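Working notes, beginning with the structure itself.
Quick look at the structure:
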């Protein structure tokens, strides 16, 4: 059943595609959106997200996990513009957390990589995130959390495909 909290009630019979599963997915999408805004607010208070919304932690995480990347490559991983990621890269470079290096595959598109200071800062932020996460969901089972993460990831992929089809 849909949630009155989000006003997702659907008139039965109005659309043959709408069923309990569709209502449940819509409710989950709205809950995830609500959670996103709360996470963003918490991230801004803890320094995981910049005050203007740029994800410094996520940007540095991509570099920590994948190694040097171009700004366009980083932008393609997110639902955002190259210009927004360039602004974040420039901001992080000004703080000495990332640096631009020559790209052997493309003369004009520099690679961005973490500096030692950036790697240390990423480690601090990751530890901070894990400390916050360790105090949440105490009544939840780890297997359920991992299953939920997988479901949200699958729905996120479905949304990405749908969005790309509309572009």
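In the working numbering, the protein residues as written are 1216 to 1382. Where is the CB? At the ideal position from N, CA and C, for every residue including glycine. These numbers were taken from a predicted model, which means no experiment stands behind them.
*Alpha carbon to alpha carbon, how far is residue 1277 from residue 1360? Give it in angstroms, no decimals.*
As a position in the chain shown, residue 1360 is number 145, starting the count at 1. As a position in the chain shown, residue 1277 is number 62, starting the count at 1. Residue 1360 and residue 1277: Cα-Cα distance of roughly 23 angstroms.
*asked:* Restricting to Cα atoms, I'd like to know which of 1367, 1378, 1381, 1382 is closest to residue 1242.
replied: As a working mapping, residue 1242 is identified with position 27 in the chain shown. It is 1367.
*What is the DSSP secondary structure of residue 1329, reduced to helix, strand or coil?*
Within the chain shown, the letter at position 114 stands for residue 1329. Three-state DSSP puts residue 1329 in a strand.
*Three or more beta-carbon pairs under 8 angstroms between the stretch 1305-1313 and the stretch 1340-1356, yes or no?*
no
*Cβ-Cβ separation, residue 1244 to residue 1333 (assumed contact under 8 angstroms), whole Å*: Position 118 of the chain shown holds residue 1333. Position 29 of the chain shown holds residue 1244. The Cβ separation is near 34 angstroms, so there is no contact.
_Looking at the strands, I want to know which residues DSSP matches up with residue 1316._
The sequence position of residue 1316 within the chain shown is 101, counting from 1. Bridge partners of residue 1316: 1326.
*Would you call the CB atoms of residue 1312 and residue 1283 closer than 8 angstroms?*
Counting from 1 along the chain shown, the entry for residue 1312 is found at position 97. Counting from 1 along the chain shown, the entry for residue 1283 is found at position 68. No. Outside cutoff.
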